[in-house]
Every structure is written in structure tokens, then in C-alpha cells.
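Please read the structure below before turning to the comments.
Residue numbers (the working numbering), protein chains in the order written: chain A, 1 to 440; chain B, 1001 to 1273; chain C, 2001 to 2183; chain D, 3001 to 3404.
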């Protein structure tokens, strides 16, 4: 029998190939038969489909973003501490946070016997839900936002404020005094900082006359000086401090001050429930940074217009059948073309090393070329890159602050919000309104 | 203190940023081993000379000087006899107390064993005899000792350690590990059920079944979660009623053949509360 | 060695000193009775010619026949340590007056001496065990301490509490503790 | 039927697994007047247990805090989780062995824990320490003081929520520790001082490492301090917090930097000179404020003074033996002796009584952290929970010494 002499890979292929071909045929037939019907259904229910797709995509975005942020935090703080930080798993330890996530997933999800079970179970879900629902309104680029709400800013503050309900739920239901203190701290802190946070952007709302985030970004589309950080510097400072407190970042991380109240609201949580809190925290950092760059740093607007025109129109249609042939041969030729000189340089370099280096260099070059082409051809790519660049710069600042600053005391924190930030934001609002009135 | 508010924070931020780019101090441990200073005294080793013979002259000075008695010497002489022995037990026994004994994990010292026992040790001997002085049956020994005294007297523990050669720490550790073993007299209580023919006819079997079900234990064993023991009564007490249950030597009068199950369930409920 | 200090001490406390002032290296030693102890220490602290303002150490000593309480003082006027020994405390019921009114910092050191020797300091408001568990039965640094018997007498709260069946005690008074669904 | 002693399993019905209702510790019954006062809860107050497993306790300390919201009403430190009975152990060991029992007490600066008993035993034996050994002791002690103070600086920041300074501090400390390891062989518990001298002369590796470190120590430590010293958040959290005045400090038996931060220039190196300190030139830094910031700053000033002392010692180091002639078995005449040294946390003293045998009859160890821990209560009453940690960090207790 042939089967007994086959390798495991061969057996897998022998099973999979017929299955795939049959499955593919069935699928094709279905598409041919039912295609128009599916198309019509999607077309008729476009809002629902769009909503579902947007929800799934936003949910899926949060996971890699959280992993990336956790890695960034580990690495940057380590480097600032004169350590190396994660370096074993993946290039530069980059997969470390993913492994952390897997570890958290497989840990025991322990429910202490004295907790209020429904509330305890629901709390991390509420926290995570609140943070990922706000991702929906972030204007990554013009036309690249999940839900282009007219009242995006308001939605953002409303849903963002929902997170504190989850923290309170966690703190209350855990039946632990540390958790309770953490939950109450979270509530007090979030409520206090919501006010200057909201008031500081009212000036911008007056200037732009809209609550829609894409429109606020659009209002900053002129030169660099049109960015609201230059037109509303006081508001920007207040907003930055307030989002630091909202995201519970150092120096305002009193809700989970481990030297005082162990882990605050998350003390009794373990396993993936704790993972939800942890993820939500980092997603929060990402979204507040994104919001700051959208509202104050011009969002997806480029800070400088490039001196040359990036309009490159490559018409490849004239090549006809040669195009796929060229696409197939190009990597091989490129690898050889770069690898041979490397091989010739030194006798110590082996042929496979030269070829590998050639392949890698060619890969990098072609990726850069394609990226540049995409940049030039597709405006959303450039916009997205600018937006993410600004956002991650802000995230770097948050991590940098965490590596540097000690924690403020809870009463100093509250005093700062009510005695300094609130009057300052009111002053900013007053001055803006007066200026608008006088110039109008 | 800086004049401008926030300038201290900014200076700190600048400092961390410069450190961000400075060379790192991490020692990549498994690849790079830290150098052990030549004066390190962390590891004991027997040194050999260039011809491969041991340099140790068995002068015992190291064992004598070792403050925490981690050096012990033993071995065979040239005729294969077990001759060389140096251990803290002989040398320091007379001036060591129980604290050192428990800490270092040895059998009871002579000085401690020489003290006269406050309890009659014959049941201990009997219990030890039953398992042929085998320390592997420690739990069984302790259980039967506790069965005899109702608790574990310290002198009994010492005797067990001396007789079996088990470390006192191990005996003590076993005794503290299991909850049904106790060091305090008078805490253990027994529920004894008579199993004479009269009682069995009158419903003692039902009482036993109900009690062992309710307490979750086998008949003749300690009840895991309390200091109670479920036992058989050796003989029927004179002028006692006929399903007879004796709790701590007190015959229970309310029990009759009709209410056997309910009474036993109520009893179990009373102790579980 | 501060000869002037010895002279001054002899002049001031001549009658209350149980033995002559003894000096060796940078240490000066006096002995006073239990009754005079606190008054002597107060005088040493308050009077400007001594100004022994610092209590460096307070400890108990069990000599096998009697208990002692030993104070080590330091003054800005002298480079000598002053050791005040209060000997002759009854071993079966050791009892001395507390120094807390004079040096509040002595409170824990007295608690330690109580814990280790069973010396009762009258006037210390917080005289309870400091190192050993609350229900420990004996005093470890006494010369008649014998551990194995002692362990059997002491219930060893730390370990046994975990194992002891007990109803939850309401520490917060007024709120009731929830029972878990299983209980 | 025999039941062999096998590995215990939690399925064994004889092993008690407490039911959920048993997890609550019974409230302690008041044994003293003060404890009754503490256990009496007024309206709106509750107890919060900090420790023995808590991220910010230095070692295994438990503090029962009575709080009203976030405000600390009262607190009661519970000691004994690290109690090893070192005094009892020392009574059962001979004089050389006693030194290695005291060594792990204050594990952050363990040379001082050796210096005090050695000083007491030398008085008992009436032995003169060679001058070179005295200089070596001063040198190593000052190095250890710097190691302890740099670590304190990181700890203090860590307890206030800053995560970076502790790692920078450990880098500094590691250099000193490696240096001492080259000299003594060990990294944490050196066990270097002997009755009558030190164990081994200075070696080349130690001296080269020391020279290397001295050339940049001051600048490096100053640079590290730039992170916290002027940070507004740090200063606001420490200035005016836990203020101790000089009179109270003296009454509470406070010594060391905590006392000097209240303006009392008391330093055993000055006031009860030992070794060669009288011949060295150094300042006793003091501050008048007495708050947490002052305690922090005094320690930083002390680092600079220690560097100065090391410099002088290296210039004046004489030649000669490092060990006095002594019998192998130490058997002092009956007598009493008190030896004290100025440790990084205060006066570290040993009162030894000899009865003429080779074991101390009684060995009393006085640890400054033990006294300073008493202050946490009075200093934090009325402040917030977060301040408990800040004040405790600034007092710098080491639980190994507190619990003995």
C-alpha cells in the first residue's frame, strides 16, 4: 500500500488536497449560484454589515495594540533603567508580551468565595468594553474611522467615563478593603478629571463648531500653526494632564498604587479577568494618545508638506503577460544581483550567507519601494502613518513619564484637579469665547 | 528647589532620556558567568594534590569551627570499617538544647532523652513494636499513640524519635501536619457506639451508618474536620439502654430504636455547627 | 574613661548606689535598687551636670538566680557610656517600674524584655508580646527555657489558626460577613 | 494494615482544608489598655492590614492600620515574622560563631552588625586591634554605609511610586558589593571582622576596583540624585511630612540620620569615638526640619562625607599586621562590655556578658531600626495611607534587624 510508505507530510497533503479541491469547487459553485443574492443582501443591509465589520475590526485592533504597548513599556522602561529588558523571545524580545498574554490565558481563573459573583465577573468585561468601544470613533485617517459619529467627542467622553463604573464594580464586589479603596479612588479621580478634560476641549468646539472628530482634524489641515496645540496651548496642557489621570498612568496611577493598596481594584483578580484589566489599561493609553493627536496634533495631517510632489503614476498595464513573469523572476534576480557582490567581497562569506543577505536586502528594498509607492498612491496610508507616528510619540512620552516620576498623593491629585486645572480650563474657555466674539 | 514649577520634573525626564541611550549594565547571566572572588567561601570542596590524593587529613578542625554545623565528616578507614565519624551530635550534644535539635534535624539528644518522662511510655512502646520500629510508618505510630493518650505528649514524641531514629523535626512535622493529631490533652472527644448483639438488634447499625455518612468518615477513625472520633464501645455498660451511644463517657439516654437515624443526624448536625 | 563622671555620680547618688561606681574602657557602671531606679534615671536625665538625654538600650538579663534590667545611657557631656544595672529582681515574679514616662521610646524595648524574660514593667500601657505569638506560654531568653515542653504548652497561634475551626468574627462590627455559596 | 508515609495529598481527608467561613481570622482580644483603645472602632473606621505580604513593607512587617476613608487614625505594627531568636542562638554559640549569627541581622549593611559584637568582645578580651586593621574596618564600614544609603535612596523613591531610582541605586550598590566581595569573599553577609582584627589583608582586586569607583563615585551618585531631589512631586510628598522635633526624637531614643535630621548632631563616631575615627576629619551633616525630606537629604550628605573619609583612610593607611595575637579559643574573663558603632541607621549596640566560658552568657543586640519603627505610628497619625509608606521609607527600617 502506498499509504504506509508515505511521510506524515505526504499523508496530510494526500488528505488535504482532494478535500481542498472539492471544497473549492463547492464554494465556487455556491458563489456562482448564490453570489448575486449575497451581494444583494449585503447591499440592502449595508449599515448593519458595516457596523458588524467595524466592531470586529476595532475589537481585533485592540489586541495587537495592547501587546505592542506592553512590549514598549517593558522595553523602554528597561532601557531607561539601564537594563536590557525583554530580549529572549522574538527579535528584541518583541513577542514577550504575546507570551505574557498566553500565560495569563492559561492561568487559573480563581473566584474567591466571598465575592459578589455576578458583579465580580462582569466588571472586567465592562472595563474592557468601555475602552474598546471608544476606538470606534478614532479618526485614523479621513474616511478611515469605524463610525463617523457627528458627536464623536461627546461619545468618547461618555463611553470613556463608563470604564470607571467597571472599576467601581470590581472594587466593590471583590470583598477586599484594598479593592474598595482602589475602586473609590478610581471613581473620585475619574470624576474629578472628567471635568477639566471636557472643559478644555470646549474651546476647540467653539473654534470649530463641531463635535465630530474627523471635522476637528479637518479644521487643522492647514499649516503647522493650525494645530490646536499651538492655538490652544493651555487647553493642550490641561488635556494632557487630564488624560494621564483618566488612563491611570504615573504620576496619577493611584488606583493601583502597589505600594499603598497592593493592586487596587484588581487585587482579587487573576487569570484572564486580570488580563482584561491589564489590556484595557493599555488600550486606554492608546486611545487617549490617539485622541490627543487627533484633537491637538492635527490628527492625520502631515506636519510638513514634502518639497517634491509624490505623485507617481506607474502604468503597468502595458506590460501584459510579462507582468506576472517579471514579478516571479524579480526576487530571484534581485537576490542574485545583491548576493553576488557580497559573495565576491570576502572569501570568508559562504555562498548561502551571501544569498541570505541578498534576499534580506532585496526584501527590505522592495518593501520600502512598495511602501513608498503606497504612500504616494494612496493618501490614507500616508495619513495613517502620520497619525500613528504622533500617537506612538505620545505613548512614548507616557512610558517615559512612568519611568521617571513618582506617584502623586491622592489628596494632592484631587486638589490639583479642582484648584488648578478646573480654573485654568475655565479661563481658557473664557478667553477663547471672548476672542471668538471679538473677532467675529 | 527650582524656581519654575515643573522644571525639576523636566530635568528628571531629561536625565532618564539620556540614560535611555547609555550602555546597559545587565549581565547576560547564562551566557556570561559572574566571576567568583578567590576569597569566596560559598562552596565546600575536598582538595586533591597534584598526584590525585586527598589533601584532607581528617583533622576535624573544619567541622569543629563550623558555626551552623553544616560540616559533618564520615567515612571508612583503610580496612573498610566505618571508623571516621565526626558529627555535631556527639560533640555538641551536651550543650545543645531542643531548639538546636529541631533546627538541625536530628534525633533527640542524650541529654534530652535522659530526662524522666512525665507520662507512662508503655503504649508508645507497644505502638512502636507493632510496626517494628519502622519510621516509615510514622503516621500510624502517631495515630496509635494518640489513640492511647488522647493526645501526643512531648515525651512520647521524643521516645519515638529515639527509638525509630527518625529526626525529631520529622516526627514533630508529621504531628503538626495532620489535623487530627493534637498536642493538647482533653481536646479529643469520642463518640463510642456499642456493637453488642442487643444494640445491633435495637438499631446500632443504623446509628453507625448515619453517623459515618454524616461525618464523612469510616467507623473507628477520627472525623477529619473536628476533634471527634467515631469508635466502637468495648463492652455494653450495665443498666444502659439498648442502642447505646457514649459521648465522652456519657451514655446517651434520648436514643431509642425508633429515633435512631434522626437522633444520629441531629447529633451530626450539632457537631457540624 | 571619664574620672570626673565617676566622682560626680558618687557625690550625687552616694547612698542609692548599691556598689561603688565601676569603670572600664569607655563604660561607667552603677547599680541601683528597683525602688530607686526610676528616680535615679530621672535625675540623670534632668540634671544639667549629667544630661544623659539619650537612652541607647534597655534590656533584661536573667542570671539564673535573679533578673536584672540594664539601661545604657549616653550624654552630650561625657564620652562614656553609662550603664545603669537594676539587679535583684525576683525571678518568680519580676516586676519593675516602667521608663515610658521618661523615655517614650523605651516602650518597645520594655515589651521585648517582657516577651523574652517575663519582666513586668508597671506603667507601660502596651505591655504585650512583641516577637512571640500572643498565646505563647513561656519566655524564651530565660535560663530555664526548654523548647520541646514549651512548644507543647503553646498553641502556636500562627500555625494553628489556619487549621482551627471557627466562626468568622466580625472585626468591623455592624456589617455582617457574607458566607460563601458553598458554606 | 500499614499506611506508609508518602507524599501528602490534599485529597487525604485527614488534612484540614478550612471551609470558607474559617478564613477570617478572629479579631484579637485586647490585652492591654493601649490595644483596647486601638481595637475600638468608631463610626466610619476600619482596619486595613498592610503585610506581612505587601509590596512596600521592607521585609516581613505587618502594620494594622485603622483608617477613616483614606486617613490613618491609628496604627499598630506587628513584629515577629522574621524573629529567629538570634540572642538565644548566640548564647549557645562560641564567640566566633556568635559573629556570624549577628551578621544577617541588618542584611543591607551587615558589616556594622559584625562591628558591634566584635567591639564588645574585644573589650571583654581586652585586646588592642592593630592600626591597619582599624583603618581597614573604617574603610569597609564607610563603603558599606554608602551602599546602604544609596539603596535607601532608591527604596524611598520606590515607596513613593518611582520605579527607576531603585535600579540605578542597585547599580551603584553592586559596584561596592562586588568590591567588598573581592575583599571578603561574600556579597551579602561578609563575615569579615574577627575578634582582634579582620580576616585577610586588602588585596589587589579590591584596591583596583576601589580606585576605579572612587574616581567617579561622587559624580555618578550626584547624577542619580538629579532624578528625584528636585522633582516637585517627590518634594511635595516628603516636605513637612512626618515631622519630628529634636526633643521628641531624643525622648523616643532615636539615633543616627533620623536624629540628625532633627538638628541634633549626635554621631557615635564623634561622641563615643571608636577605631580611628577621632583622627579623621569629617562633618556630621544635620538638617533642622525633621521631616521625611530632611531624613532623605541627611543621608545623601552622609554619602558625601563617607567618600571623604574613605579618601583620608586611603591616604593614611599604615602598614602592619591585620590581626592581633589571640588564642584560638576565645575565653574572656567574666565581665560585661557594651560595644556600639554608628551604623547607617543609627547606633548599633551589643551588650555582652561573659561568665568565663567560651560562650557568651548573655548577648543583647540593640538595633536602631527597632526603635525607629515605633515612630511610624506617631508620625503618620492623621496623614493618609500613602504617607505611611513615605514615612516608613524615610525612617529606613530593616526588618532583619528589627525582628532579630
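Every residue gets a Cβ at the ideal spot worked out from N, C-alpha and C, and that includes glycine. It should be emphasised that the depicted structure is a prediction, and the values quoted were computed from it without experimental measurement.
Check	Outcome
Does any residue of chain A have a CB that is nearer than 9 Å to the CB of residue 1033 of chain B?	no
Does chain D have any CB closer than 9 Å to the CB of residue 2088 of chain C?	no
Of the residues that make up the stretch 3076-3090 of chain D, which ones have a beta carbon closer than 9 Å to any beta carbon in chain A?	none
At a CB-CB cut-off below 9 Å, which residues of chain C make contact with residue 2964 of chain D?	Nothing about residue 2964 of chain D can be read from this structure; chain D reaches only from 3001 to 3404.
Might you give, ordered along the chain, the residues of its own chain that have their beta carbon closer than 7 Å to the beta carbon of residue 2041 of chain C, omitting 5 neighbours on each side?	2071, 2084, 2099, 2102
What's the C-alpha gap between residue 80 of chain A and residue 355 of chain A?	38 Å
Here's a check: name, in chain order, each residue in its chain whose Cβ is nearer than 7 Å to the Cβ of residue 156 of chain A, leaving out the five neighbours to either side.	134, 137, 291
According to DSSP, residue 2054 of chain C sits in a beta bridge with which residue or residues?	C/2074
Grab me the residues of residue 3381 of chain D's own chain with a C-beta within less than 8 Å of its C-beta, minus the 5 sequence neighbours each way, in chain order.	3072, 3073, 3074, 3075
Hey, out of C/2111, C/2130, C/2136, whose CA is closest to residue 2124 of chain C's CA?	C/2111
Please report the distance separating the alpha-carbon of residue 1167 of chain B from that of residue 1147 of chain B.	22 Å
Tell whether a beta-carbon distance below 9 Å holds between residue 3116 of chain D and residue 3294 of chain D.	no
Using only alpha-carbon positions, find the residue among A/239, A/159, A/184, A/160 that is nearest to residue 169 of chain A.	A/184
Taking the C-alpha atoms as reference points, what is the distance between residue 1036 of chain B and residue 1043 of chain B?	11 Å
Is the beta carbon of residue 2006 of chain C within less than 8 Å of some heavy atom of the ligand SAH?	Questions concerning the ligand SAH fall outside what the structure shown contains, since it holds no ligand whatsoever.
Would you mind reading off the limits of the alpha helix (DSSP H) that contains residue 3075 of chain D?	Where residue 3075 of chain D is concerned, there is no enclosing alpha helix (DSSP H), although the beta strand (DSSP E) it sits in stretches over 3071-3078.
Would you mind stating whether residue 107 of chain A and residue 328 of chain A have Cβ atoms separated by less than 9 Å?	no
Please check if any C-beta of chain B sits within less than 9 Å of the C-beta of residue 2948 of chain D.	Any question about residue 2948 of chain D goes unanswered here, given that chain D covers just 3001 to 3404.
Using alpha carbons as the reference points, say which of C/2068, C/2137, C/2056 lies closest to residue 2113 of chain C.	C/2068
Is the beta carbon of residue 278 of chain A closer than 9 Å to that of residue 66 of chain A?	yes
Does DSSP classify residue 1020 of chain B as helix, strand or coil?	helix
Helix, strand or coil, according to DSSP, for residue 259 of chain A in the structure here?	helix
How many Å lie between residue 140 of chain A and residue 2 of chain A at the Cα?	56 Å
Roughly how many angstroms lie between the CA atoms of residue 12 of chain A and residue 20 of chain A, to the nearest whole one?	12 Å
Against chain A, does residue 3376 of chain D count as a neighbour if the rule is that its beta carbon must be under 9 Å from one of theirs?	no
Name the two residues that bound the continuous beta strand (DSSP E) containing residue 3354 of chain D.	3346-3354
So which residues of chain B does residue 3231 of chain D contact, with C-beta pairs closer than 9 Å?	1008, 1009, 1011, 1012
Chain D partners of residue 2093 of chain C, CB-CB under 9 Å?	Per Cβ cutoff of 9 Å: no residues; residue 2093 of chain C is ~18 Å from chain D at best.
So which residues of chain D does residue 2025 of chain C contact, with C-beta pairs closer than 8 Å?	3123, 3337
Could you tell me which uninterrupted beta strand (DSSP E) segments, each at least 3 residues in length, are contained entirely in the stretch 2017-2055 of chain C, listed from first to last along the chain?	2022-2024, 2027-2031
Thinking C-beta only, is residue 2081 of chain C closer than 9 Å to residue 3338 of chain D?	yes
Report yes if the CB atom of residue 392 of chain A is closer than 9 Å to the CB atom of residue 289 of chain A, and no otherwise.	yes
Could you tell me whether the stretch 3155-3166 of chain D touches the stretch 3075-3095 of chain D, where touching means 3 or more Cβ pairs closer than 8 Å?	no
Give, in chain order, every unbroken run of the alpha helix (DSSP H) that is at least 4 residues long and sits entirely within the stretch 1137-1191 of chain B.	1138-1149, 1154-1164, 1168-1177
Does residue 3175 of chain D have its Cβ less than 9 Å from a Cβ in chain A?	no
Using Cβ-Cβ distances below 7 Å, what residues of the stretch 3356-3382 of chain D are close to chain C?	3362, 3364, 3366, 3370, 3371, 3374
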